[in-house]
Structure formats: structure tokens, C-alpha cells
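Residue 1 is where the sequence shown starts when you use the UniProt record's numbering, and the numbers rise one by one after that.
Where a beta carbon is used, it is the ideal one built from N, C-alpha and C, also for glycine.
Here the structure is laid out as C-alpha cells; the discussion comes afterwards.
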Amino acid sequence: MQGLIKRIAIERIRCNFLLTAYQLPDMNFTLNTPMDTLRNRFEKCLQQRRDRGYANSTSSASSPASCSQKLPARGVAKAKNP
């Protein structure tokens, strides 16, 4: 179980590193978040980034914080201390 949690943590770090490389905010998600939900949120973040790039003023730019909103904590597996 600890090995699985460690692999998930490393994968989340890798994903957030890639998001940072493209100047996107971190995405917070639970372990059981459906892939379609993650894909839709990522595409929304990309669209907001494109919109910010084309915007001439800060008033028309989208808020980058919307991508870092947390999903409801349903089905989150909690680690037990050995």
C-alpha cells in the first residue's frame, strides 16, 4: 500500500511539473478522479492560457486560479501508518 501511495505521489509531482513547464497552475485532484474530468480541466486550463496570451488588457484575461480549485474529496484513500 505504501508503495502505491508513493507511486501516485511521484506521478502527481510529475504532472504538476509538466503543467508548470507550460506556465499552467497545479491541478489538485483526488485519487479516484475520472480521467475525463482531468482531461476536461486540463483543456480548460489550456484555453485560459491561450486567452490570456491573446488578451490585450488584464480585465479581459481569465483567472488562472480556476484550474487549481480542488475537487470534492469523494473516495479518497487514506494511508494507514504501519
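Please classify residue i: does DSSP put it in a helix, a strand, or coil?
i   : result
Y54 : helix
L24 : coil
L46 : helix
Between which two residues does the alpha helix (DSSP H) holding residue i run?
i  : result
Q2 : 2-21
Rounded to a whole number of angstroms, what is the C-alpha to C-alpha distance between residue i and residue j?
i   : j   : result
Q48 : L31 : 25 Å
C45 : D51 : 10 Å
L19 : I5  : 21 Å
Q2  : Y54 : 45 Å
Y22 : D36 : 21 Å
Could you say which of the options lies nearest to residue i if we only look at CA atoms?
i   : options      : result
R41 : A9, P25, G53 : P25
M27 : R12, G3, D36 : R12
Within its chain, find whatever has a CB closer than 7 Å to the CB of residue i; leave out the 5 residues flanking it on each side and keep chain order.
i   : result
F17 : none
Could you name the residues of the same chain whose beta carbon sits closer than 8 Å to that of residue i, not counting the 5 residues immediately before and after it, in chain order?
i   : result
L38 : M27, F29
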